[in-house]
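Residue 258 in the numbering used here is what sits at position 138 of the sequence shown, and the numbering runs on without skipping anything.
This report refers to the structure that appears directly beneath it.
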Amino acid sequence: MSFLTGLGCKECDQRYPADRSFICLECFGPLEVRYDYEKIGARLNPAKIARRAPNLWRYRELLPLDGEPVTGFHSGFTPLIRADRLARRLGLKELYLKDDSVNHPSFSYKDRVVSVALSRGRELGYEVFSCASTGNLGNSVAAHCARTGLPCLIFIPETTEPSKILGSLIHGPELVGLKGNYDDVNRLCAEIGDHYGWGFVNVNLRPYYTEGAKTLGYEIVEQLGWRLPDHLVLPTAGGTLLPRVVKALDEVVQLGWADGHTKIHCAQAAGCAPVIRSLHQGLDYINPEKPNTVAKAIAIGDPADGPYVLQDVRQSGGWGEMAEDEEILDAIRLLAETEGIFTEPAGGTTLAVTIKLLHQNRIRPDESVVVGITGNGYKSQDVFMGSARISNVMRPNLMVFREWYESREEALAGASAAV
Ligand SMILES: Cc1ncc(COP(=O)(O)O)c(C=O)c1O
Ligand SMILES: [Zn+2]
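In structure tokens:
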């Protein structure tokens, strides 16, 4: 059974059938999926969701499919981790990490949007899939296409991190590296999408693809026991994730499954912060930037959905900040040392910005906070490669070890006293 009623323009509300359309022919605004919420409410509720398999399809009535999904049966439903050691370090009482760094199978939040885009794309008759990517999306499209036996082409900037290049190549797609940044890649993909009739998950399948991001929001609310957190901090690149998580929170409140209000905060790297700069200057449009940051996954200088991020952050009463590269790397180390989670610079950015919001008193110590950790550090190891050296190399000999250990004993005792 389908709960989809069609597509609607986000700008002028013009209606379209839920087909291959993705841009409004009246005003060129983006199209989004519309649902019959009355029908969904009559059919679905939290108790029913709780009995379903732990993947993103547990919310399938709220996702844009007519029939059965083709992939994503192990994607989503990632851990929401209560982070008490990190909370103590930051002076917070109730802190959680939504850990999409362990999303299946490609270790980032993109496994959500790709599961939905491929499933809907197959329903719409696409036979070849493609994307413009900063790395993580390409990894996810390549992995899901391999699993479903679908041909795929990935377009990335040639400067993408080596682990993310390998993370796509290993699945056997055609991989095209372009001489330029992500915005150049995206422009080319918009030009060739229509021409070849391929399903570009984040271009012509965008209305469906973006719906997959809502599942991160549903999960947070469900995992908190159908409660909205006081604050949610999310990274922004193209602006897919943040507005769709806001849509998810609105939907669960509208369906009567949870109440409360969440302030949504946006995190960007200072080397690519077009949304944050507009937020701080009180603008409702984006001035594109040329990215230069270690946080390559979120280095999008001309974000397609940037204005909606601004709108949703402001409407929620939230804020946004940007973090310098050094602050991002420090935050990655802090998360690894306190919680045992190794995130990539996108996650470091989000934590670094959370710390800034705390210092600004926009988040108060007794409020509940969820930080979105959207990518995995093992895929961006190059940012730390200089420190991947063993400082204690010794002969395998007990006397040699003892001598070293005795010289280190005081430091080690200090570290365990701090636990
Ligand atoms: C790890 C990670 N986090 C966050 C984002 C931000 O995504 P969005 O484009 O939805 O704003 C991306 C986008 O590529 C990403 O790779
Ligand atoms: Zn329109």
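Every residue gets a Cβ at the ideal spot worked out from N, C-alpha and C, and that includes glycine.
Please report the residue range of the beta strand (DSSP E) in which residue i lies.
| i | result |
| --- | --- |
| residue 216 | 214-219 |
| residue 443 | 440-443 |
| residue 388 | 383-389 |
Rank the options by C-alpha distance to the C-alpha of residue i and give the top, closest one.
| i | options | result |
| --- | --- | --- |
| residue 317 | 140, 122 and 391 | 140 |
| residue 129 | 122, 121, 142 and 123 | 142 |
| residue 124 | 246, 135, 153 and 144 | 153 |
| residue 302 | 209, 418 and 288 | 418 |
| residue 332 | 311, 366 and 212 | 366 |
| residue 312 | 260, 256 and 248 | 248 |
| residue 442 | 395, 165 and 486 | 395 |
| residue 146 | 134, 527, 293 and 493 | 134 |
| residue 481 | 523, 392, 456 and 438 | 438 |
| residue 131 | 388, 149 and 271 | 149 |
| residue 214 | 206, 221 and 220 | 206 |
| residue 327 | 336, 360, 309 and 298 | 360 |
Ignore the nearest five residues each way along the sequence and tell me which others in residue i's own chain have a CB closer than 6 Å to its CB.
| i | result |
| --- | --- |
| residue 266 | 291 |
| residue 349 | 382, 488 and 490 |
| residue 172 | 178 |
| residue 436 | 383 and 384 |
Span of the alpha helix (DSSP H) holding residue i?
| i | result |
| --- | --- |
| residue 295 | Unbroken run through residue 295 is the beta strand (DSSP E), 294-298; no alpha helix (DSSP H). |
| residue 467 | 465-479 |
| residue 232 | 230-243 |
| residue 160 | 157-163 |
| residue 331 | 326-331 |
| residue 166 | 166-170 |
| residue 371 | 361-374 |
| residue 284 | 282-289 |
| residue 430 | 426-436 |
Grouping DSSP H, G and I as helix and E and B as strand, with all else coil, what is residue i?
| i | result |
| --- | --- |
| residue 126 | strand |
| residue 306 | helix |
| residue 315 | helix |
| residue 557 | With the chain covering 121 to 539 only, the question about residue 557 has no answer from this structure. |
| residue 353 | strand |
| residue 251 | strand |
| residue 452 | helix |
| residue 487 | coil |
| residue 320 | strand |
| residue 152 | strand |
| residue 265 | helix |
| residue 340 | helix |
| residue 519 | helix |
| residue 512 | coil |
| residue 259 | helix |
| residue 188 | coil |
| residue 409 | coil |
| residue 498 | helix |
| residue 524 | helix |
From the DSSP output, which residues share a beta bridge with residue i?
| i | result |
| --- | --- |
| residue 492 | 218 |
| residue 275 | 252 and 296 |
| residue 136 | 127 |
| residue 200 | 218 |
| residue 392 | 389 |
| residue 143 | 150 |
Measure from the C-beta of residue i to each C-beta in chain C and report whether the shortest distance is under 7 Å.
| i | result |
| --- | --- |
| residue 177 | The chain labelled as chain C is not found in the depicted structure, where only one protein chain is given. |
Using a Cβ-Cβ cutoff of less than 7 Å, which residues in the same chain neighbour residue i once the five nearest sequence positions on both sides are dropped?
| i | result |
| --- | --- |
| residue 363 | 425, 428, 429 and 432 |
| residue 126 | 135, 136, 137, 138 and 154 |
Which same chain residues end up closer than 8 Å to residue i when comparing Cβ atoms and leaving out the 5 residues on each side of it in sequence?
| i | result |
| --- | --- |
| residue 243 | 185, 186 and 187 |
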